[in-house]
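Chemist: Quick note: the sequence shown uses our numbering, first residue 154, plus one each step.
Here a beta-carbon is modelled for each residue, glycine too, at the ideal position from N, C-alpha and C.
First the structure, which I've put down as structure tokens, then a few questions once you've had a look.
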Amino acid sequence: MQISSIREREVNGSVHGTYTGQESGMTWFTLHILPLLWAAAGTSTWTRSSCSVPLAKQSLVDGIQVLMENSVTSSAHPNPSVLIAMNLAGAYNVEAQKLLTDKLMASDTADLTIGQLALIIMALNSSCRDPGNKVSILQRQMETWPPSSPDAPAPTFYGPSLAVLALCQENPKTALPIAARFAKILRFSSSPFNMDTGAMATLALTCMYNKIPEGSEEGYRILFSQVLEEAVKNISMRIKDNGIIGDIYSTGLAMQALSVTPKQPNKEWNCQKTMDTILTEIEHGKFHNPMSIAQILPSLKGKTYLDVPHVSCSPGHEVQPTLPNQPSPVPTTAPNITVIYTINNQLRGVELFFNETMDVSVKPGSVLLVVLEEAQRRNSMFKFETTMTSWGLVVSSINNVAENVQERTYWQFLNGKTPLNEGVADYKPSDHEHITANFTRY
Ligand code: B12
154 MQISSIRERE
164 VNGSVHGTYT
174 GQESGMTWFT
184 LHILPLLWAA
194 AGTSTWTRSS
204 CSVPLAKQSL
214 VDGIQVLMEN
224 SVTSSAHPNP
234 SVLIAMNLAG
244 AYNVEAQKLL
254 TDKLMASDTA
264 DLTIGQLALI
274 IMALNSSCRD
284 PGNKVSILQR
294 QMETWPPSSP
304 DAPAPTFYGP
314 SLAVLALCQE
324 NPKTALPIAA
334 RFAKILRFSS
344 SPFNMDTGAM
354 ATLALTCMYN
364 KIPEGSEEGY
374 RILFSQVLEE
384 AVKNISMRIK
394 DNGIIGDIYS
404 TGLAMQALSV
414 TPKQPNKEWN
424 CQKTMDTILT
434 EIEHGKFHNP
444 MSIAQILPSL
454 KGKTYLDVPH
464 VSCSPGHEVQ
474 PTLPNQPSPV
484 PTTAPNITVI
494 YTINNQLRGV
504 ELFFNETMDV
514 SVKPGSVLLV
524 VLEEAQRRNS
534 MFKFETTMTS
544 WGLVVSSINN
554 VAENVQERTY
564 WQFLNGKTPL
574 NEGVADYKPS
584 DHEHITANFT
594 RY
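Here it is in structure tokens:
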């Protein structure tokens, strides 16, 4: 018997966290039956506590959901993560849901990455649509992952984690060898731990662990179990005192991971504290990017990506909540602020070393992109290019030095020595802040 099959699942829109001790909310079932079943399974497991959005804060969650759903327009590039979040949360805007589903259904798979294809499959699955041949295309791509070339850099794991998750949900039997190879490569990877990737890998391998086909070799269970244990250990180490796991934008995925994994976090996790801190951040306006909402919303609704195959698609009767009017920004007459902006390329192997700094004057409250535009207007050396992605605009090139996926180079943005946790179209520098764009490797 698998522990997973008897694990508590979310109840009434709550996500499970853990108190490692004896908590008062334990049900009779947990107290009396579970220990017997655990003993029978010969493995240990852990108890999770519930957490949920307090009634008084519900409008905050509705507010960001409406914001996310309103980002769906006929001209916008269809974002599968938004559809997944909408379906897991229960969509308010049924028209947007249909538009997004139809667009993704019609999407061409030719130029997609493994991760993008996986997200589209999960999104269609969450809308109860058949992803058709997209699944076999993804499976074939994963069979030849990672591309082997003698000097290929260490693989990135976020997209492949999504792929394992999507394949696991479609057909666990055919996904099993792919997931096992993925787990082995991940186990021996030299890449430093990344919170978002660790969370996504945990979701993927938990799905596989829960669905190992009967009669499979014991080795699979041991392998997934070991890799999950390591990932959960790393996630636990990043639980901060205020409940944030990694940074505020990785917390949503981390909550999902911790609420489904069969492995006990090494550190006590107070799910309600995490939820409360996130709600405060929402109040402070930190979740306005539709993609950031798409990644936090499932956890606020007590859902995880493992629920994708179980979404009920019967016609909704959701009524869009009426939200308080947002105060419109008052035109400011405040004096301009100065941002010190440095562009730096010292990466060996890349021609054209430079290190240039400029003081840039912009209106208070401007996003960093405005600083870059102003710098470019004044000095052609600060010329830059952007690329559109699901999170918005990425700065892909500065002064003709461009990011490169094969070489794993990119333009990293820092405030002083601290990397920014938002992109240039969202981040608002303050007066006299020193922003550096540094060409580096990941
Ligand atoms: C891998 C990754 C990267 C890689 C992407 C390269 C690659 N080819 O894989 C690299 C290292 C380049 C990168 C860079 C940055 N990243 Co990043 N990245 C991720 C990560 C872990 C996975 C993205 C992914 O593969 N998604 C799956 C695929 C299928 O979806 P996709 O839409 O095709 O993915 C693309 C976009 O996500 C885009 N992208 C990646 N990061 C960012 C950040 C921003 C702001 C934008 C607009 C786009 C973008 O690159 C992906 C590949 O093309 C996410 C974590 C997450 N939770 O999403 C963070 C994440 C998206 N990144 C983040 C940040 C902050 C950055 C940086 C701004 C960091 C910095 N200080 O410089 C820079 C971008 C700077 C710039 N030049 O504009 C934040 C965004 C938070 C926010 N509110 O905006 C995230 C959520 C991490 C986090 N928890 O804080 N990132």
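Drop a sphere of 10 angstroms on the beta-carbon of Phe535, count the other beta-carbons inside from all chains shown, and report buried for 16 or more, exposed for fewer.
Modeler: The residue you call residue 535 lines up with position 382 of the sequence shown. It is buried - the Cβ of Phe535 has at least 16 other Cβ atoms within 10 Å.
Chemist: Of the choices Pro306, Glu296 and Ser343, whose alpha-carbon is the least far from that of Thr327?
Modeler: Within the sequence shown, numbered from 1, the residue matching residue 327 stands at position 174. Nearest option by C-alpha distance: Glu296.
Chemist: Whole alpha helix (DSSP H) runs in the region 231–290 with 4 or more residues, listed along the chain?
Modeler: Fully enclosed alpha helix (DSSP H) runs of 4 or longer: 233–242, 247–258 and 267–279.
Chemist: Would you kindly report the start and end of the unbroken alpha helix (DSSP H) that includes Ala578?
Modeler: Against the sequence shown, residue 578 aligns to sequence position 425. Ala578 -> no alpha helix (DSSP H), and no H or E assigned at all.
Chemist: Just to check, is the beta-carbon of Trp298 closer than 7 Å to a non-hydrogen atom of ligand 1?
Modeler: To locate residue 298, count along the sequence shown from 1; it is residue 145. No; taking the cut-off as 7 Å, the Cβ of Trp298 has no heavy atom of ligand 1 nearer than that.
Chemist: Could you name the residues of the same chain whose beta carbon sits closer than 8 Å to that of Gln448, not counting the 5 residues immediately before and after it, in chain order?
Modeler: As a working note, residue 448 is residue 295 in the sequence shown. Only Ser234, Ala238, Tyr402, Gly405 and Leu406 meet the Cβ criterion.
Chemist: Can you find a heavy atom of ligand 1 that lies under 7 Å from the Cβ of Thr526?
Modeler: As a position in the sequence shown, residue 526 is number 373, starting the count at 1. The sequence shown places Glu at residue 526, not Thr. For ligand 1, not one heavy atom lies less than 7 Å from the Cβ of Glu526.
Chemist: Distance, Cα to Cα, Thr486 vs Thr226?
Modeler: In the sequence shown, the residue the question calls residue 486 occupies position 333. In the sequence shown, the residue the question calls residue 226 occupies position 73. Thr486 and Thr226: Cα-Cα distance of roughly 34 Å.
Chemist: Anyone know if the C-beta pair for Ala354 and Ala332 falls short of 8 Å?
Modeler: For the purposes of this step, residue 354 is taken as residue 201 along the sequence shown, with counting starting at 1. For the purposes of this step, residue 332 is taken as residue 179 along the sequence shown, with counting starting at 1. It is not a contact, given that the beta carbons lie outside the stated cut-off.
Chemist: Along the beta strand (DSSP E) that carries Ile493, what are the first and last residues, could you check?
Modeler: What you label residue 493 is simply residue 340 of the sequence shown in a count that begins at 1. Its beta strand (DSSP E) spans residues Ile490 to Asn498.
Chemist: Contact defined as beta carbons within less than 8 Å: I believe Lys454 pairs with Ala249. What is the distance between those atoms, to the nearest angstrom?
Modeler: Taking the sequence shown and counting its residues from 1, the one referred to as residue 454 is at position 301. Taking the sequence shown and counting its residues from 1, the one referred to as residue 249 is at position 96. 17 Å between Cβ atoms; not a contact.
Chemist: From the DSSP output, which residues share a beta bridge with Asp512?
Modeler: Counted from its first residue, the sequence shown places residue 512 at position 359. BP columns for Asp512 point to Ile493.
Chemist: Going straight from the alpha carbon of Asn240 to that of Ser279, what length do you get?
Modeler: As a first step, residue 240 is located in the sequence shown; it is residue number 87 there, counting from the start. As a first step, residue 279 is located in the sequence shown; it is residue number 126 there, counting from the start. Roughly 6 Å separates the two Cα atoms.
Chemist: Which residue marks the beginning of the alpha helix (DSSP H) containing Met541, and which one marks its end?
Modeler: What you label residue 541 is simply residue 388 of the sequence shown in a count that begins at 1. Where Met541 is concerned, there is no enclosing alpha helix (DSSP H), although the beta strand (DSSP E) it sits in stretches over Phe537 to Thr542.
Chemist: Where does Val317 land, buried or exposed, given buried means 16+ other C-beta within 10 angstroms?
Modeler: Position 164 of the sequence shown, counted from the start, is the residue given in the question as residue 317. When all chains shown are included, Val317 counts as buried.
Chemist: Report yes if the C-beta of Ser467 is less than 7 Å from at least one heavy atom of ligand 1; otherwise report no.
Modeler: Working through the sequence shown from its first residue, we reach residue 467 at position 314. False, no ligand heavy atom lies under 7 Å from that Cβ.
Chemist: Spell out the partners DSSP gives Trp564 in its beta bridges.
Modeler: As a working mapping, residue 564 is identified with position 411 in the sequence shown. BP columns for Trp564 point to Phe592.
Chemist: Hey, out of Thr200, Ala209 and Trp199, whose CA is closest to Leu432's CA?
Modeler: By 1-based counting over the sequence shown, the position of residue 432 is 279. Closest option to Leu432, Cα to Cα, is Ala209.
Chemist: Taking just the CA atoms, how far does Lys456 sit from Gln473?
Modeler: For the purposes of this step, residue 473 is taken as the residue at position 320 of the sequence shown. For the purposes of this step, residue 456 is taken as the residue at position 303 of the sequence shown. Near 20 Å, if we compare the C-alpha coordinates of Lys456 and Gln473.
Chemist: Taking the DSSP output, what are the residues bridged to Val548?
Modeler: The residue labelled residue 548 in the question sits at position 395 within the sequence shown. Answer is Thr539, bridged to Val548.
Chemist: Does the distance between the C-beta of Leu522 and the nearest non-hydrogen atom of ligand 1 fall short of 7 Å?
Modeler: Counting from 1 along the sequence shown, the entry for residue 522 is found at position 369. It does not: the Cβ of Leu522 is nowhere closer than 7 Å to a heavy atom of ligand 1.
Chemist: In chain order, what residues of the same chain have a beta carbon less than 7 Å from the beta carbon of Ser369, not counting five sequence neighbours either side?
Modeler: Counting from one through the sequence shown, the residue named residue 369 turns up at place 216. Here the set comprises Leu329.
Chemist: Under 7 Å from any heavy atom of ligand 1, does the C-beta of Pro572 make it?
Modeler: Reading the sequence shown from its first residue, position 419 is the one you call residue 572. Yes; taking the cut-off as 7 Å, the Cβ of Pro572 has a heavy atom of ligand 1 nearer than that.
Chemist: Along the chain, where does the alpha helix (DSSP H) containing Arg531 start, and where does it finish?
Modeler: Numbered from its first residue, the sequence shown carries residue 531 at position 378. Looking at the DSSP string, the run of the alpha helix (DSSP H) that includes Arg531 is Leu521 to Arg531.
Chemist: Please return the same chain residues whose Cβ sits closer than 8 Å to the Cβ of Val219, not counting the five positions on each side in sequence.
Modeler: Your numbering for residue 219 matches position 66 in the sequence shown. Excluding residues within five positions, the ones whose Cβ falls inside 8 Å are Tyr245, Asn246, Gln473, Pro474 and Leu476.
Chemist: Name the DSSP bridge partner or partners of Asn347?
Modeler: Numbered from its first residue, the sequence shown carries residue 347 at position 194. According to DSSP, which records beta bridges pairwise, Asn347 is partnered with nothing at all.
Chemist: Is it true that the region 418–428 meets the region 345–362, where meeting means three or more beta-carbon pairs spaced less than 8 Å apart?
Modeler: Short answer: they don't touch.
Chemist: How about Tyr595: is its Cβ closer than 7 Å to a heavy atom in ligand 1?
Modeler: In the sequence shown, the residue the question calls residue 595 occupies position 442. Yes, the beta carbon of Tyr595 sits closer than 7 Å to at least one heavy atom of ligand 1.
Chemist: In chain order, what residues of the same chain have a beta carbon less than 7 Å from the beta carbon of Ala410, not counting five sequence neighbours either side?
Modeler: For the purposes of this step, residue 410 is taken as residue 257 along the sequence shown, with counting starting at 1. If we look at Ala410 and ignore the five residues flanking it on each side, its Cβ neighbours are Ala352, Thr355, Leu356 and Ile388.
Chemist: Report all residues from its chain with a CB closer than 6 Å to the CB of Pro306; omit the five preceding and five following residues, and keep chain order.
Modeler: As a position in the sequence shown, residue 306 is number 153, starting the count at 1. Excluding positions up to five away in sequence, the list reads Arg561.
Chemist: Between Asn552, Ala271, Cys424 and Asn489, which has its C-alpha nearest Glu509's C-alpha?
Modeler: By 1-based counting over the sequence shown, the position of residue 509 is 356. Here the closest residue by C-alpha is Asn552.
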